[in-house]
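Here is the structure we will look at, set down as C-alpha cells.
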Amino acid sequence: AQCCLDNGATPILCVQTRKEMKPGKLDAAILAGSLDFAQQWLLVNRRQSYAPGSGEHRLWLTLGGYAGQGGEWGVDVDEGRLTDVGQAVPAEMDRLARRAAGTACPTTTTGRRWKTIVHDADALQDEAERWKDAAMDERMRSRIRLAMTDLGEAHATKLRVRENCGMNGTKFARAWDRMVAAGEIEKIVDEKRFYDPKYRLIQSAQEKMDAVESTPVGSAVRTMGSGNRLAQSIDASSVRTADPTGDVLRDEKKLGAAVQSVDSRCASIAS
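For reference, each letter of the sequence shown is one residue, going 1021 to 1291 in our numbering.
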C-alpha cells in the first residue's frame, strides 16, 4: 500500500460480499481485517437481477469512511450492447484511450457506452418492495406450475396442488387467485363431478410462440419446400415395402452382376 501511495496511486482492496438484493452493510465476518486497512469503503449490491445481454445494471451503492463521510444511493448503469449502433466518443475520452492502449477507443465502432443515473435511496424504497413482492410471487407461481405438472390433469385438484407445493394457505391462495385471474390456470368442466374440481395449466401466448420458434428448421423446409419430392419419396418407399419380391429380385441381379465381374477378372488374369 505504501508503495502505491509513494507513486501517486490509490490502492483499492476488493472483497467479495453476499449476493443480496438490498443495500450493503459492513459485516465483520466478510470485512474482517479490511477495515483496519481501508480509510473508506464502497459497498455495491444489485437492486434487480441482471438480464443477460441487456447491458443495464440496477445497483445499490453504500459508502463510508473514517472522516465521517457516508451515504446510500441507487445507481443505474447502462453500458450498452455490442450489437447496438456505435456512438461518437468525446475527443478527450478517445485521446485517453489512445494513450492507454495505443489504439482508438473501441466504443467508436460498437454500441458500448457508459451512462449512469444516481437516485436517492429513499425514493427507491417503494421500488425495492415492489421487486421483492414480484420475485416472491414468481417463485410461488413456479412452485404451483411444478406441482400441477407432476400431478397431471387427472389428479390436479386445488387441495392436492397446495399440498404438493408445501406452501401455507395464505401464500398459496394469493398466488393461485392471481394465476386464475391471469388465465394461467383453467378449471376442467366435468358434468359428472361438481365437487372438488380439477384444474389444468394453460400455455401462455409467449410459450406457444417459443414452441413454434423451436421447431427444427430442416423439417419445416423439407415439408414446405419440396412437397412433390417428399411425396414421391414416400410413394417409392411404400412401394418397396409393399413388394418384397421386387426387392429380392433386384438383390439377386446385383449379386449376379458382381459374380460375372469377378469371373471376367479371373479369366483375364489366367490368360
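C-beta: ideal position from N, C-alpha, C; glycine also.
Is the beta carbon of residue 1104 closer than 8 Å to that of residue 1131? As a position in the sequence shown, residue 1131 is number 111, starting the count at 1. As a position in the sequence shown, residue 1104 is number 84, starting the count at 1. The answer is yes: Cβ separation under 8 Å.
How long is the line joining the alpha carbons of residue 1034 and residue 1133, rounded to whole angstroms? Locating residue 1034 in the sequence shown gives position 14, counting from the first residue. Locating residue 1133 in the sequence shown gives position 113, counting from the first residue. Using only the alpha carbons, I get a separation of about 24 Å.
Over what stretch of residues does the alpha helix (DSSP H) that includes residue 1022 continue unbroken? Stepping through the sequence shown from its first residue, residue 1022 is reached at position 2. Segment 1022-1026, the alpha helix (DSSP H) holding residue 1022.
Out of curiosity, what's the CA-to-CA distance linking residue 1156 and residue 1167? Counted from its first residue, the sequence shown places residue 1156 at position 136. Counted from its first residue, the sequence shown places residue 1167 at position 147. Rounded to the nearest angstrom, the two C-alpha atoms are 17 Å apart.
Name the residue from 1150, 1085, 1137 whose alpha carbon lies nearest to the alpha carbon of residue 1099. The sequence position of residue 1099 within the sequence shown is 79, counting from 1. That would be 1137, whose Cα lies nearest to the Cα of residue 1099.
Does DSSP put residue 1145 in a helix, a strand or coil? Taking the first residue of the sequence shown as 1, we reach residue 1145 at position 125. Note: residue 1145 maps to helix in three-state DSSP.
Leaving out the 5 sequence neighbours to the left and right, which residues in its chain are closer than 7 Å to residue 998 when beta-carbon positions are compared? As displayed, the chain neither begins before 1021 nor continues past 1291, which places residue 998 out of reach and without an answer.
Do you know how far the Cα of residue 1198 is from the Cα of residue 1219? As a position in the sequence shown, residue 1219 is number 199, starting the count at 1. As a position in the sequence shown, residue 1198 is number 178, starting the count at 1. Residue 1219 and residue 1198: Cα-Cα distance of roughly 15 Å.
To which residues of the same chain is residue 1217 closer than 6 Å at the C-beta, ignoring the five residues directly before and after it? Translated into positions along the sequence shown, residue 1217 becomes position 197. Only 1207 meet the Cβ criterion.
Euclidean distance between Cα positions of residue 1135 and residue 1040: Locating residue 1135 in the sequence shown gives position 115, counting from the first residue. Locating residue 1040 in the sequence shown gives position 20, counting from the first residue. Looking at the two C-alpha atoms, the distance is approximately 24 Å.
Looking only at its own chain, which residues have a Cβ that is under 8 Å from the Cβ of residue 1024, when we skip the five neighbours before and after it? Position 4 of the sequence shown, counting from 1, holds the residue named residue 1024. Closer than 8 Å at the Cβ level, and outside the excluded window around residue 1024, lie 1030, 1031.
Other residues of its chain near residue 1231: CB distance less than 6 Å, five sequence neighbours each side excluded: As a position in the sequence shown, residue 1231 is number 211, starting the count at 1. Because residue 1231 sits at a pLDDT of 46, beneath the cut-off of 50, its placement in the model cannot be relied upon, and the point is left open.
In angstroms with no decimal places, state the Cα-to-Cα distance between residue 1084 and residue 1141. Here the question's residue 1084 lines up with position 64 in the sequence shown. Here the question's residue 1141 lines up with position 121 in the sequence shown. Approximately 15 Å, taken between the alpha carbons.
Can you have a look at residue 1292 and say buried or exposed, based on whether 16 or more other CB atoms are within 10 angstroms of its CB? The first residue shown for the chain is 1021 and the last is 1291, placing residue 1292 beyond what the model contains.
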